[in-house]
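Below is one structure, written out as structure tokens; comments come after it.
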Amino acid sequence: MGARTLAKNKKATIQYRELKAEGPLRGMELKDMLVDVLRRRREHHTVGENARLRIIDLDQDGSYVILNKVSSPEAWDGAVFCGQLIHLQAGADIQAVLQSLDEDTDEFVLQNIDVGPAARVLKGVLYFAVNKNHVGLIEGHTVRGQILERYLTALFQNAGELEPGQQVILNAQFSAQGEKGLQEISDLTISARPKHASADNRSVVIDDERQAGQAREEGHTVFDILKLMGWPDEALERLEQQIPAGGRIEGLLKVVIKSQRSKVRIPRAAVNEALRNFDPADLGLQGDGREKGGMVKLTVMKDVKTEGSLLDPEDAMLKIVDALKEWAAAGKIDCRFEG
Numbered sequence: 214m215g216a217r218t219l220a221k222n223k224k225a226t227i228q229y230r231e232l233k234a235e236g237p238l239r240g241m242e243l244k245d246m247l248v249d250v251l252r253r254r255r256e257h258h259t260v261g262e263n264a265r266l267r268i269i270d271l272d273q274d275g276s277y278v279i280l281n282k283v284s285s286p287e288a289w290d291g292a293v294f295c296g297q298l299i300h301l302q303a304g305a306d307i308q309a310v311l312q313s314l315d316e317d318t319d320e321f322v323l324q325n326i327d328v329g330p331a332a333r334v335l336k337g338v339l340y341f342a343v344n345k346n347h348v349g350l351i352e353g354h355t356v357r358g359q360i361l362e363r364y365l366t367a368l369f370q371n372a373g374e375l376e377p378g379q380q381v382i383l384n385a386q387f388s389a390q391g392e393k394g395l396q397e398i399s400d401l402t403i404s405a406r407p408k409h410a411s412a413d414n415r416s417v418v419i420d421d422e423r424q425a426g427q428a429r430e431e432g433h434t435v436f437d438i439l440k441l442m443g444w445p446d447e448a449l450e451r452l453e454q455q456i457p458a459g460g461r462i463e464g465l466l467k468v469v470i471k472s473q474r475s476k477v478r479i480p481r482a483a484v485n486e487a488l489r490n491f492d493p494a495d496l497g498l499q500g501d502g503r504e505k506g507g508m509v510k511l512t513v514m515k516d517v518k519t520e521g522s523l524l525d526p527e528d529a530m531l532k533i534v535d536a537l538k539e540w541a542a543a544g545k546i547d548c549r550f551e552g
């Protein structure tokens, strides 16, 4: 008899987002619009039943984002729609160690593996569930919440539901842990991760503004913030050359809106939108009081089954729906799950 494979679980962070239902999306529900678009026919196929019709080249670089796995069409009229978003990149060469890691060896050999010219290598996976305008999601290492926003925007634009320039925005929900949060903010500070000296004197900077809110482990550094402010790569390289060996450059961005000499209060809703992709540990808010260190996004940790190194899609989606139900039962969101 073969060895029995033991089921494994992995901790996953489930985030809450909510559609900003303004402009062309006012009065519409994200879940209903998504289901409506997927039920339409294109090239003699129903979009929701043919994954090829759901491929979108968001960055025009030969990589593809696909709404790959979706809820069963029989369940689309229910309270929740679930989906799996995958990001594939072109390229036949990947690097890997083929030896068993249990092998006794002086070194493991890293090899180039040709997976074939037709192959597309997985960059990452995101799982989500939608109830009306409420979204729960599990981000992948590289497929973040803003990729879901951009994909839905492109999907709705291609279907004629949104005009160019209009976009889907999924706000996060920030709160103050253990106390009532500020309703209006006069000062906002964003801490950038220190940029350490690198051995080759080259800085690693993000490609564009969309990636500014990557996960904290990938972190937006001081140089990332400077790049968003318009510093060219050449200037950043010259600046990095001034960092002594073992040294680092630190920075803190402070945002204040003023009219004449008076500060203008920023509503909480604007914070939930503008900072939806930032780690709350990087943020500080000041108004009639101060929030720093205790500010949190609405998230929850769940154990999710795995298939190899990937999350099990069915269990991931189930755990997201469970999280939405728990938040609703606790009065944190106004989801309803009739039937």
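Start counting the sequence shown at 214; every next residue gets the next number (our numbering).
Cβ coordinates follow ideal geometry from the N, Cα and C atoms, glycine included.
Keep in mind the model is a prediction, meaning the values are calculated, not measured.
Short Cβ contact (8 Å threshold) for Leu339 with Glu352: With contacts defined as CB atoms closer than 8 Å, Leu339 and Glu352 qualify as a contacting pair.
For His257, is the classification buried or exposed, using 16 other Cβ atoms within 10 angstroms of its Cβ as the cut-off for buried? Counting Cβ neighbours within 10 Å, His257 comes out exposed, since fewer than 16 surround it.
Is any heavy atom of the ligand ZN found at a distance shorter than 7 Å from the C-beta of Ala543? Absent from the structure shown: the ligand ZN. Ligands present: none.
Leaving out five residues on either side along the sequence, give the residues of the same chain with a beta carbon under 6 Å from the beta carbon of Arg333. Within the same chain, Cβ atoms closer than 6 Å to the Cβ of Arg333 are found at Leu301, the five residues on either side in sequence being excluded.
Which of helix, strand or coil does DSSP assign to Leu314? Coil.
Just to confirm my understanding: we take Arg252, look at its own chain, exclude 5 residues before and 5 after, and list those with CB closer than 7 Å. What are they? Here the set comprises Thr259 and Gly261.
Outcome for Glu231 when other beta-carbon atoms lying within 10 angstroms are tallied against a minimum of 16: Classification for Glu231: buried.
Ile533 and Ala342: beta carbons closer than 8 Å? A distance below 8 Å separates the beta carbons of Ile533 and Ala342.
Tell whether a beta-carbon distance below 8 Å holds between Ile299 and Leu271. In this structure, the beta-carbon distance from Ile299 to Leu271 does not fall below 8 Å.
Is any beta-carbon of chain D found at less than 8 Å from that of Ala332? No chain D is part of this structure, which consists of one protein chain only.
Using beta-carbon positions only, say whether Arg489 and Asn346 come within less than 8 Å of one another. For Arg489 and Asn346, no; Cβs fall outside 8 Å.
Coarse secondary structure for Lys440, derived from DSSP in three states: Residue state, collapsed to three classes: helix.
Per DSSP, what kind of secondary structure is Phe550 in: helix, strand or coil? The answer is coil: DSSP assigns Phe550 none of H, G, I, E or B.
In whole angstroms, what is the alpha-carbon distance linking Ala541 and Asp290? Spanning the two alpha carbons is a distance of roughly 20 Å.
Helix, strand or coil: which one does DSSP assign to Lys224? Correct three-state label for Lys224: strand.
Straight-line gap, Ser276 to Ala303 (C-alpha atoms, nearest Å): Ser276 and Ala303 have their alpha carbons spaced roughly 6 Å apart.
Complete runs of the alpha helix (DSSP H) confined to the segment 267–295 [at least 4 residues]: The qualifying runs do not exist here; there are none.
Span of the beta strand (DSSP E) holding Met514? Looking at the DSSP string, the run of the beta strand (DSSP E) that includes Met514 is Thr512 to Glu520.
Taking only the alpha-carbon atoms, compute the straight-line gap between Arg265 and Asp446 and give it to the nearest angstrom. Cα atoms of Arg265 and Asp446: separation of roughly 38 Å, rounded to the nearest angstrom.
My output table needs one value for Thr366: the three-state DSSP class, helix, strand or coil. Residue state, collapsed to three classes: helix.
Please go through the same chain and pick out, in chain order, the residues whose beta-carbon is closer than 7 Å to the beta-carbon of Ile382, but skip the five residues on each side of it. The residues are Lys233, Glu362 and Glu486.
DSSP three-state assignment for Leu375, whether helix, strand or coil: It is coil, neither helix nor strand.
Beta-carbon contacts of Arg549 that lie in its chain and below 6 Å, excluding the five residues immediately before and after: Excluding positions up to five away in sequence, the list is empty.
Identify whether Arg415 lies in helix, strand or coil by the three-state DSSP scheme. Because Arg415 carries a pLDDT of 35, less than 50, the predicted location of this residue cannot be relied on, and the following value inherits that uncertainty. In the structure shown, Arg415 sits in coil (DSSP, three-state: anything other than H, G, I, E or B).
For Ala234, three-class secondary structure by DSSP: Secondary structure of Ala234 (DSSP, three-state): coil.
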